[in-house]
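For the sequence shown, the positions run 3 to 438 when this note's numbering is used. Note that CB positions come from ideal geometry on N, CA and C, so glycine has one too. Here the structure is a predicted model, which means the values were calculated and not measured. Note sheet for the following structure.
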Amino acid sequence: MIKKLVIVFIALFAIQSFAQEGTSSPYSFYGIGSLKFKGTVENRSMGGLSIYTDSIHVNLRNPASYGGENIEMYNNEGRPMTFSVGGGHTSIKLESESNSDRTSSSTFDYLAVSFPLGKLGIGVGLMPYTSVGYKLENYSDDGITNKYKGDGGVNRTYLSAGYQLTPGLSVGVDAQYNFGNIEGSTIEYVYNDGELVQYQTREDNRSDLSGLSYNIGATYKTKLNNKLELTSGVTFSPESNLKSKNERSINTVNINPTSEQEFVINTLESNLKEKGLKETTLTLPATFSFGVGIGEARKWFVGVESVFQETSKFGNALYASANTETTYENGNTFSFGGFYIPDYNSYRSYLKRVVYRAGFRTEKTGLVVNGESIDEFGISFGVGLPVGNNIFSNANLGFEVGKRGTTNKNLIQENFINFQLSLSLNDRWFQKSKYD
3 MIKKLVIVFI ALFAIQSFAQ EGTSSPYSFY GIGSLKFKGT VENRSMGGLS
53 IYTDSIHVNL RNPASYGGEN IEMYNNEGRP MTFSVGGGHT SIKLESESNS
103 DRTSSSTFDY LAVSFPLGKL GIGVGLMPYT SVGYKLENYS DDGITNKYKG
153 DGGVNRTYLS AGYQLTPGLS VGVDAQYNFG NIEGSTIEYV YNDGELVQYQ
203 TREDNRSDLS GLSYNIGATY KTKLNNKLEL TSGVTFSPES NLKSKNERSI
253 NTVNINPTSE QEFVINTLES NLKEKGLKET TLTLPATFSF GVGIGEARKW
303 FVGVESVFQE TSKFGNALYA SANTETTYEN GNTFSFGGFY IPDYNSYRSY
353 LKRVVYRAGF RTEKTGLVVN GESIDEFGIS FGVGLPVGNN IFSNANLGFE
403 VGKRGTTNKN LIQENFINFQ LSLSLNDRWF QKSKYD
């Protein structure tokens with residue numbers, strides 16, 4: 003049954019990921035797109051809290067989580083191998099001071115595998131880092147003055163290793179390879195006595211991005227008494243660079259007024275090398291996080307976590323001239339959340355084995371447009387549903403409502419609803435033979 007669920011789930015989100023952009027936010031117009039949440043559905047359902055670690059869930063934020071002890075119920079022979087895959091759907095209501103609209107997108111969020119080697123643990127996976135997907139228009143009394151369109155983003159594949167130094171302390175490191183491309187176009191509409199002229203000019207830009215980045219982390223757990231356990235975690239990602247190979251073309255286009263289809267009449271390639279823009283370097287900001295929480299093992303947990311980013315160094319030189327009203331400041335995120343399990347080992351009641359999660363988060367994204375900081379807020383809920391005969395495998399459902407941005411100074415406020423779904427499957431691949 004589980005194998006069938008995995009195949010259906012991967013196929014569904016693979017189709018969605020190729021069929022649609024990873025975002026429909028107008029704020030993905032800036033820099034190299036909107037930063038994607040780095041974490042699992044379980045994390046997002048607790049307001050983004052990621053400091054809690056165990057042997058049956060993948061933690062994408064802290065590589066130290068892969069190290070750990072063998073499980074007592076398995077006669078201390080090993081920990082399970084974990085496979086996790088997740089995706090989601092976002093519905094957004096866009097509001098300005100004078101108008102509103104709705105948009106939506108479906109995304110593939112992560113594919114991750116972890117497996118134990120004694121106290122050492124290894125993790126590999128794939129996830130998006132940033133996402134671009136926007137269609138914007140400016141208007142005057144004559145009609146449309148500019149139309150902007152873009153898509154793409156940066157993806158990240160990683161190799162992680164975590165090791166348990168002492169019964170309560172683990173450390174780890176991620177090596178991450180970032181790759182992807184961003185495409186954007188701008189059309190400037192020209193009118194003559196209120197009538198749209200026959201030919202318009204369209205500028206097309208493309209950036210192919212690649213580069214390495216790293217993340218180190220540590221987790222610490224200690225017993226406060228027979229029931230309560232204190233958990234803390236810290237991560238640090240040093241500043242790194244992406245290499246961007248850029249292309250730009252200027253096109254003369256004819257636009258069908260009915261279908262708005264664009265027909266290219268001629269194309270002129272821009273000499274970016276002469277302008278020093280053929281190859282540019284993008285700085286990925288340094289990130290630091292710290293969190294602490296308290297709970298009872300396999301019963302409940304509550305915690306807080308803060309993330310700090312040097313997003314003041316974020317940007318894309320190729321598009322700098324088009325974003326004259328855009329700057330960046332350092333960003334931060336605060337998360338509060340937790341979970342509750344009525345009775346993880348109940349045989350009579352399925353609902354008592356369900357994990358119930360909730361939390362909230364506040365975020366300063368680091369993006370500043372027209373002098374206004376673009377902030378974000380979200381409240382989340384979720385459940386972990388046991389699946390199959392393996393008590394450690396589960397399907398996770400998450401739900402989040404929130405908003406981003408503001409309607410001040412002709413900006414757009416996004417009121418969003420996120421729905422997430424994931425599978426976290428566990429199995430033991432390496433077992434000692436009981437019989438010769």
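Would S1 pass as a contact of I189 if the rule is Cβ separation under 8 Å?
-> Since the first residue of the chain shown is 3 and the last is 438, residue 1 is not available in this structure.
Return yes when the Cβ of L413 is within less than 8 Å of the Cβ of E365, no when it is not.
-> no
What number of angstroms, rounded off, separates the C-alpha of Y131 from the C-alpha of T237?
-> 17 Å
Are the region 244-262 and the region 61-72 touching by the rule of at least three beta carbon pairs closer than 8 Å?
-> no
In the structure shown, what three-state DSSP assignment does Y44 receive?
-> For clarity, residue 44 is Glu in the given sequence; the question names Tyr instead. E44: helix per DSSP, three-state reduction.
E378: which of A114, T260, K315 and R363 sits nearest, CA to CA?
-> Selection A114, T260, K315 and R363 evaluated against E378 yields R363 as nearest (Cα-Cα).
N- and C-terminal bounds of the beta strand (DSSP E) containing Y68 = Careful: Y68 lies outside any beta strand (DSSP E) and carries neither H nor E.
Sequence-distant residues of the same chain with beta carbon closer than 6 Å to K151, five excluded per side = For K151, the CB contacts under 6 Å within the same chain, skipping 5 residues up- and downstream, are K137 and S187 in chain order.
Give a yes or no on whether the C-beta atoms belonging to G297 and V306 are separated by under 8 Å.
-> In this structure, V306 does not lie closer than 8 Å to G297 by Cβ.
Cα separation between T25 and Y193?
-> One Cα belongs to T25, the other to Y193, and the distance between them is close to 32 Å.
Thinking C-alpha only, which one of F418, N253 and N410 is nearest V403?
-> Taking each of F418, N253 and N410 in turn and checking the Cα distance to V403, the smallest one comes out for F418.
Whether N410 touches E44 by CB criterion (8 Å) = no
May I ask you to report which of helix, strand or coil DSSP gives G353?
-> Contrary to the premise, residue 353 reads as Leu rather than Gly in this sequence. Of the three classes helix, strand and coil, the one that applies to L353 here is helix, per DSSP.
First through last residue of the beta strand (DSSP E) which encompasses P259 = P259: not part of any beta strand (DSSP E); DSSP gives it neither H nor E.
Over what stretch of residues does the beta strand (DSSP E) that includes S172 continue unbroken?
-> Segment L171 to E190, the beta strand (DSSP E) holding S172.
Under a three-way DSSP split, which group does P130 fall into?
-> strand
For my contact list, F341 and F303 are in at a C-beta cut-off of 8 Å; report their separation, rounded to the angstrom.
-> 6 Å
Smallest Cα separation from P169: which of K121, F383 and Y141?
-> K121
Note down, in chain order, each residue of its chain lying with its Cβ closer than 7 Å to the Cβ of L226, except the 5 sequence neighbours on either side.
-> L232
Reduced DSSP category for F418 - H, G, I as helix; E, B as strand; rest coil = strand
Excluding the five sequence neighbours on either side, which residues of its own chain have a C-beta within less than 8 Å of the C-beta of V356, listed in chain order?
-> I343, P344, V385, G386, L387 and P388
Is F265 buried or exposed, if buried means 16 or more other CB atoms sit within 10 Å of its CB?
-> exposed
In terms of DSSP beta bridges, what is L214 paired with?
-> Y179
Would you kindly work out how many angstroms separate the C-alpha atoms of T92 and F401, rounded to a whole number?
-> Using only the alpha carbons, I get a separation of about 10 Å.
Do you know offhand how far A360's Cα is from Y54's?
-> 14 Å
Looking only at its own chain, which residues have a Cβ that is under 7 Å from the Cβ of N256, when we skip the five neighbours before and after it?
-> Q200, Y201, F265 and I267
Would you kindly check if the distance between the Cβ of V156 and the Cβ of G182 is under 8 Å?
-> yes
Where does Y29 sit, in a helix, a strand or coil, going by DSSP?
-> Secondary structure of Y29 (DSSP, three-state): helix.
Could you work out which residue in T408, E416 and N396 is closest to S424 when comparing CA atoms only?
-> Minimum Cα distance to S424 is reached at N396.
Tell whether a beta-carbon distance below 8 Å holds between T335 and Y32.
-> no
Rounded straight-line distance, which links the Cα of K223 to that of S323 = Annotation note: pLDDT 48 at S323 (below 50); position unreliable, coordinate value reported separately. Approximately 49 Å, taken between the alpha carbons.
Assigned exposure category for N428 - 16 Cβ within 10 Å defines buried | buried
Local conformation of T313 per DSSP, three classes = Judged by DSSP in its simplified three-state form, T313 adopts helix.
Beta-ladder partner(s) of S375, from DSSP | V370
Assign T168 to one of three DSSP states: helix, strand, or coil.
-> Looking at T168 - three-state DSSP - the assignment turns out to be coil, as it is neither helix nor strand.
Would you report the Cα separation of Y191 and P240, rounded to the nearest angstrom?
-> 43 Å
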